[in-house]
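Enquirer: Can you read through this structure? Questions will come right after.
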Amino acid sequence: MKLNTNYPLILVIYIVISISTNSIKAARILALFPTPSYSHQLVFRAVTQALVEKGHELVVLTPNPIANNESAKNLKQIDVSFAYQGYFHKINYAASKEDNIPITSLLNMFTVALEEIMTTEIAHPEMQKILKDPSQKFDAVISEFIGYTPMYAFAKHFKCPLIGITSTEPTYHEHRAIGNYIHSVVHPMNVFPNYKDLGFIERFFSVTLDIVMRLYFEPLVYSLFDGVIDKNFGDTVPRSRELARDVDLLLLNGHPALGFIRPVVPNTIQLGFLHVHRPQPLSNEWQTYLDKSKHGVIYFSFGTNVKTSNLKGGTVGMFLEAFKQLKYDVLWKCESGDVKGIPDNVKTTLWVPQQDLLAHPKIKLFITQGGHQSIEEAIDRQVPMIIIPMIVDQFANSKRVANKGAGIALNLNEITAESFKNDILEVIEQPKYKENVVALSKLVKDQPMSSIEKATWWIEYTIRHKGTKHLRYPGLDVPLYQYYYLDVIVVYILIIAIILVTIRFMIRWFIRNLRNILGKFKREKRKRD
């Protein structure tokens with residue numbers, strides 16, 4: 068059989084056509100990530116770095132810029148690290164749990180703080196230059212999508228698609244904005260302390276929280292943020308409510324395998340584990356420390372937002388008392404340099420390469436506050452957890468992990484040194500926790516493409532088609548009275564009322580006529596008698 072000599076040429080042409088029909092030219096993207104939270108920024112950085120590596124030009128507003136020697140030529144960063152010094156950074160997360168500060172008070176503080184932060188970030192000279200320069204053009208705006216409507220306004224200003232991204236499961240506000248299914252009992256809001264199997268009292272408060280969010284917090288947020296929009300954009304862009312509902316694509320960093328399950332519209336893409344990378348080699352210091360541990364290491368960290376220095380002295384002492392009774396070594400990521408009475412088996416440090424550290428086989432347990440990113444890292448590295456939640460979504464996160472059998476959840480205000488020690492031994496020495504986290508890790512990894520690949524594909528898809536209006540949920544454009552069948556219900560009520568009135572009239576007519584007939588019969592009978 069004679070080989071076709073044109074086969075190599077045909078193959079090259081096929082490859083070229085395949086690449087050209089499934090890719091786009093380098094796009095110019097404005098990425099806006101205002102929140103001064105390192106854990107949030109890790110997720111967004113992973114996505115922007117992937118886009119940069121694919122050749123797209125990015126202008127990124129971030130409070131955590133990449134060091135200059137790591138920055139690519141097609142990446143321009145606007146450093147707003149000053150946001151960490153703002154009011155948002157001063158919120159005492161540890162006190163919010165230890166002193167039982169109500170969630171409504173926390174939400175009020177967040178709202179006021181975020182309005183202040185976005186005002187100062189948009190006022191940054193580089194942002195003002197972008198805003199006022201008529202020659203500036205962008206193919207898409209990517210914004211952290213947790214109600215930051217002044218940032219969404221840039222998409223309208225530049226007449227390009229708006230792509231929202233979250234670092235965790237969003238609130239009702241974001242789900243409602245794009246048209247995802249909302250049910251206060253089946254899907255409680257992420258700040259609610261439980262996420263499934265709610266009792267009556269929990270159902271009552273979940274519904275109440277939804278009502279409060281709709282009638283109080285959303286109008287409050289919109290009114291504050293509309294002021295920021297007016298100041299920077301005038302009347303050239305819509306107001307907050309319309310801006311939030313005009314998002315083209317929502318990249319949602321919540322994996323269904325962890326319990327983030329709800330019906331979503333086609334332009335909501337569920338991802339998860341966006342920031343998790345392959346383990347990198349540890350430095351000699353950390354490698355030696357872990358390798359030399361005789362019984363293994365417990366890693367203890369409350370993340371980047373909960374400061375150990377804000378914990379009450381009795382809480383810190385309780386932790387140390389429990390640790391010194393263990394045969395295991397404890398590595399405590401601790402921001403406070405004045406912790407006294409540290410046992411010999413406890414090592415404190417200001418920073419560790421957490422993802423790489425968790426990949427070491429000597430890590431037996433991860434004690435964490437239950438931040439979304441920390442949980443994802445532990446699951447990926449197959450490390451069982453003890454979660455001591457402090458704020459917002461961490462309470463529901465802890466329940467998700469406990470429900471999957473990958474760890475246990477504890478209440479900070481109820482822990483004693485003895486109970487804490489016993490809980491640690493339970494999770495380390497009972498094989499079911501390790502087995503469950505290994506099974507969960509395999510489950511989330513079993514997918515045709517990585518979350519980063521999926522995210523970048525959908526971003527490029529949105530840019531290729533200049534938006535995703537063809538995927539927009541039609542219910543967003545239906546008036547409220549039609550969406551909830553209010554006009555239809557009114558007609559049904561009228562019909563039922565008419566039927567009931569008619570029946571009542573007919574009954575009265577029948578009774579009246581029956582009485583007349585009976586009366587006539589009685590009168591005739593008396594005459595005969």
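68 is the number of the first residue of the sequence shown in our numbering; add one for each residue after it. Every residue gets a Cβ at the ideal spot worked out from N, C-alpha and C, and that includes glycine.
#1: Helix, strand or coil, according to DSSP, for R329 in the structure here?
#2: From Q347 to D423, what does the alpha carbon distance come to, in whole angstroms?
#3: Between the C-alpha atoms of F205 and I563, what's the straight-line distance to the nearest angstrom?
#4: Give me the DSSP bridge partner(s) of G474.
#5: Please say whether N141 and Y105 have beta carbons closer to each other than 8 Å?
#6: Below 8 Å CB to CB, which residues in the same chain sit around L291 once its five sequence neighbours on both sides are set aside?
#7: Indicate the three-state DSSP secondary structure (helix, strand or coil) for I556 in the structure shown.
#8: Between which two residues does the beta strand (DSSP E) containing Y366 stretch?
#9: Could you tell me which of A445, P260, L432 and D264 sits nearest to D490, measuring between CA atoms?
#10: For Q440, does the three-state DSSP call read helix, strand or coil?
#11: If you follow the beta strand (DSSP E) that Q337 is in, where does it begin and where does it stop?
#12: Could you tell me which of G301, D460, K589 and S360 sits nearest to N261, measuring between CA atoms?
#13: Look at the alpha carbon of R95 and the alpha carbon of Q337, and state the distance between them as a whole number of angstroms.
#14: If A476 and A484 are in contact, beta carbons under 8 Å, what's the gap, nearest whole angstrom?
#15: To which residues does DSSP link F433 through a beta bridge?
#16: Going by beta carbon distance, what residues of the same chain come within less than 7 Å of P451, once the five residues before and after it are set aside?
#17: What are the residues that DSSP puts in a beta bridge with R95?
#18: Given this structure, state the Cα-to-Cα distance separating V258 from P286, to the nearest angstrom.
#19: Report yes if the C-beta of K521 is less than 7 Å from at least one heavy atom of the ligand NAP; otherwise report no.
#20: Can you tell which of Q354, L538, R243 and Y239 has the C-alpha that lies nearest to the C-alpha of L276?
#21: Per the contact definition of three or more C-beta pairs closer than 8 Å, is the stretch 348-362 in contact with the stretch 322-337?
#22: Could you name the residues of the same chain whose beta carbon sits closer than 6 Å to that of E193, not counting the 5 residues immediately before and after it, in chain order?
#23: Taking 7 Å as the limit between beta carbons, can you name the residues of its chain near H344, skipping five residues before and five after?
Expert: In terms of the structure at hand:
#1: coil
#2: So the alpha carbons of these two residues sit roughly 6 Å apart.
#3: 56 Å
#4: M452
#5: no
#6: T178, V179 and E182
#7: Correct three-state label for I556: helix.
#8: V364 to S368
#9: Nearest of A445, P260, L432 and D264 to D490, Cα basis: L432.
#10: helix
#11: T335 to Q337
#12: D460
#13: 24 Å
#14: The pair is not a contact, with the Cβ atoms about 18 Å apart (cut-off 8 Å).
#15: Y366 and M452
#16: L432, A473, G474, V494, Y500, K501 and V504
#17: E124
#18: Rounded to whole angstroms, V258 to P286 spans 19 Å at the Cα level.
#19: No copy of the ligand NAP appears in this structure; indeed no ligand is present at all.
#20: Y239
#21: no
#22: I145
#23: Q422
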